[in-house]
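To start, the structure under review is shown below, and the notes come after it.
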Amino acid sequence: MLKHKTALVTGSTSGIGLGIAKALARQGANIVLNGFGDVDGARAEIAALGVDVLYHGADMSRPAEIEDMMRTAAERFGRVDILVNNAGIQHVAAIEDFPPERWDAIIAINLSSAFHTTRLALPAMKAANWGRIINVASVHGLVASAQKSAYVAAKHGIVGLTKVVALETATTGVTCNAICPGWVLTPLVQKQVDAKAAALGISNEEATRLLLGEKEPSMQFTTPEELGELAVFFCSPAANNVRGAAWNMDGGWAAQ
Ligand code: NAD
Numbered sequence: 008m009l010k011h012k013t014a015l016v017t018g019s020t021s022g023i024g025l026g027i028a029k030a031l032a033r034q035g036a037n038i039v040l041n042g043f044g045d046v047d048g049a050r051a052e053i054a055a056l057g058v059d060v061l062y063h064g065a066d067m068s069r070p071a072e073i074e075d076m077m078r079t080a081a082e083r084f085g086r087v088d089i090l091v092n093n094a095g096i097q098h099v100a101a102i103e104d105f106p107p108e109r110w111d112a113i114i115a116i117n118l119s120s121a122f123h124t125t126r127l128a129l130p131a132m133k134a135a136n137w138g139r140i141i142n143v144a145s146v147h148g149l150v151a152s153a154q155k156s157a158y159v160a161a162k163h164g165i166v167g168l169t170k171v172v173a174l175e176t177a178t179t180g181v182t183c184n185a186i187c188p189g190w191v192l193t194p195l196v197q198k199q200v201d202a203k204a205a206a207l208g209i210s211n212e213e214a215t216r217l218l219l220g221e222k223e224p225s226m227q228f229t230t231p232e233e234l235g236e237l238a239v240f241f242c243s244p245a246a247n248n249v250r251g252a253a254w255n256m257d258g259g260w261a262a263q
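Under our numbering, the first residue of the sequence shown carries the number 8, and numbering increases by one thereafter.
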């Protein structure tokens, strides 16, 4: 379905971003990978699906590096047809203890980077009259949790940005939507499980049950593969008029 299209997924060397990149690659899209860590492993997983892969190591907190990534992607593939704003970090602390530099980093990576990639991708998408912008927000873009001030602010912000972009593109073939996962067992969440186990002196399994039990009625993690399939749906013709949605896949978290 996505042959001859190019998808750029920020933060796609791990977790949800890698899951979405693989789902889009399975549909034939060429992939621009971004992120840190096991770059070679991620590149190999995507290349094995038979599509072209370009890696760019832009730090999403740095607008000049984002500009270079978007320029490099356009030079290599002509344009970015599908933009997935996924890179994100977390920091958990009460607001009076929250390090200001962590606040700035979370707002830059989880929110401002999407403004930069979107403003740079939109002109070519509009010219082609086809494009998909998918923002990986969170259930924390819809509801809050204590100790996550920067993350919740950034995720509510990206849901707002999604709606504005959807309105500004409403009469075009470009759509913009947000995905709002509940718990997904990626390195970002494993850190929170480990911290809970250490703080309460309990096993990893007990900490996982506690984490799910506090918030997620299904008591199940959503998987990167499931989120990848939702992204594929947003790219399908059936989703041509899905605009400005904040679509939760959260085991019932936001229904409470
Ligand atoms: P992860 O830690 O597995 O992956 C994060 C990715 O972002 C990695 O590829 C990492 O290298 C990259 N990254 C981090 N900082 C970066 C930077 N400055 N520049 C470029 N890349 C950077 O985390 P994940 O759980 O897969 O999270 C992906 C997205 O999903 C995030 O936006 C997160 O907020 C969101 N999310 C996660 C969950 C969850 O339960 N895991 C739930 C809801 C939303």
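Just so you know, even glycine gets a beta-carbon here, dropped at the ideal spot from N, CA and C.
Strand pairing of residue i, partner residues [DSSP]
{"i": "T229", "result": "V191"}
{"i": "H63", "result": "N41"}
{"i": "G235", "result": "The partner list for G235 (beta bridge, DSSP) is empty, contrary to what the question assumes."}
{"i": "G138", "result": "V181"}
{"i": "L15", "result": "V39, L90"}
{"i": "V143", "result": "I186"}
Neighbourhood of residue i by C-beta distance below 6 Å, restricted to the same chain and skipping five residues each side
{"i": "E223", "result": "G189, W190, G258, W260"}
{"i": "K162", "result": "A144, S145, H147, G148"}
{"i": "L127", "result": "M77"}
{"i": "P244", "result": "none"}
{"i": "A214", "result": "V200, K203, A204"}
Residue i vs residue j beta-carbon contact at 9 Å
{"i": "V249", "j": "T176", "result": "no"}
{"i": "G35", "j": "L9", "result": "yes"}
{"i": "A157", "j": "F105", "result": "yes"}
{"i": "T13", "j": "N41", "result": "no"}
{"i": "R33", "j": "L15", "result": "no"}
{"i": "A101", "j": "A151", "result": "no"}
{"i": "A246", "j": "N184", "result": "yes"}
{"i": "V292", "j": "F84", "result": "What is shown of the chain runs 8 to 263, which leaves residue 292 out entirely."}
{"i": "V3", "j": "I140", "result": "Residue 3 lies beyond the range of the chain shown here (8 to 263); nothing can be said about it."}
{"i": "A94", "j": "A131", "result": "no"}
Spatial neighbours of residue i in its chain, beta-carbon cut-off 8 Å, leaving aside the 5 residues before and after
{"i": "I96", "result": "A112, I113, I116, N117, L195"}
{"i": "F43", "result": "T20, G64"}
{"i": "K133", "result": "T176, T179, V181"}
{"i": "A135", "result": "R86, D88, G180"}
{"i": "M226", "result": "R216, L219, G220, G258"}
{"i": "A51", "result": "none"}
{"i": "L168", "result": "L118, A121, F122, T125, N142"}
For residue j and residue i, believed in contact at Cβ under 8 Å, the rounded distance
{"i": "M67", "j": "T125", "result": "The pair is not a contact, with the Cβ atoms about 13 Å apart (cut-off 8 Å)."}
{"i": "A205", "j": "L31", "result": "At roughly 37 Å, the Cβ-Cβ gap does not stay under 8 Å, so A205 and L31 are not in contact."}
{"i": "L192", "j": "K203", "result": "Not quite, the Cβ-Cβ distance comes to about 13 Å (not below 8 Å), so this is no contact."}
{"i": "I23", "j": "P231", "result": "5 Å"}
{"i": "K155", "j": "V87", "result": "In fact, because the Cβ distance is near 30 Å, the residues do not count as touching under 8 Å."}
{"i": "N264", "j": "N92", "result": "Here the chain covers residues 8 to 263 and nothing more, so residue 264 does not appear."}
{"i": "I186", "j": "L129", "result": "Incorrect: roughly 19 Å between the Cβ atoms, too far for contact."}
{"i": "G251", "j": "K170", "result": "4 Å"}
DSSP three-state assignment for residue i, whether helix, strand or coil
{"i": "T265", "result": "Residue 265 lies beyond the residue range present for the chain, which begins at 8 and ends at 263; the question has no answer from this structure."}
{"i": "R250", "result": "coil"}
{"i": "I209", "result": "coil"}
{"i": "M8", "result": "coil"}
{"i": "I27", "result": "helix"}
{"i": "N117", "result": "helix"}
{"i": "I102", "result": "helix"}
{"i": "V46", "result": "helix"}
{"i": "I96", "result": "coil"}
Any non-hydrogen atom of ligand 2 closer than 8 Å to residue i Cβ
{"i": "A161", "result": "The model depicted lacks ligand 2 and carries ligand 1 instead."}
Beta carbon proximity, residue i to chain B, threshold 9 Å
{"i": "S68", "result": "Looking at the structure shown, chain B is missing, and only one protein chain is on hand."}
Close beta carbons around residue i, own chain, < 7 Å, minus the five adjacent residues each side
{"i": "K29", "result": "E52, I53, L56, G235"}
{"i": "E72", "result": "A65, D66"}
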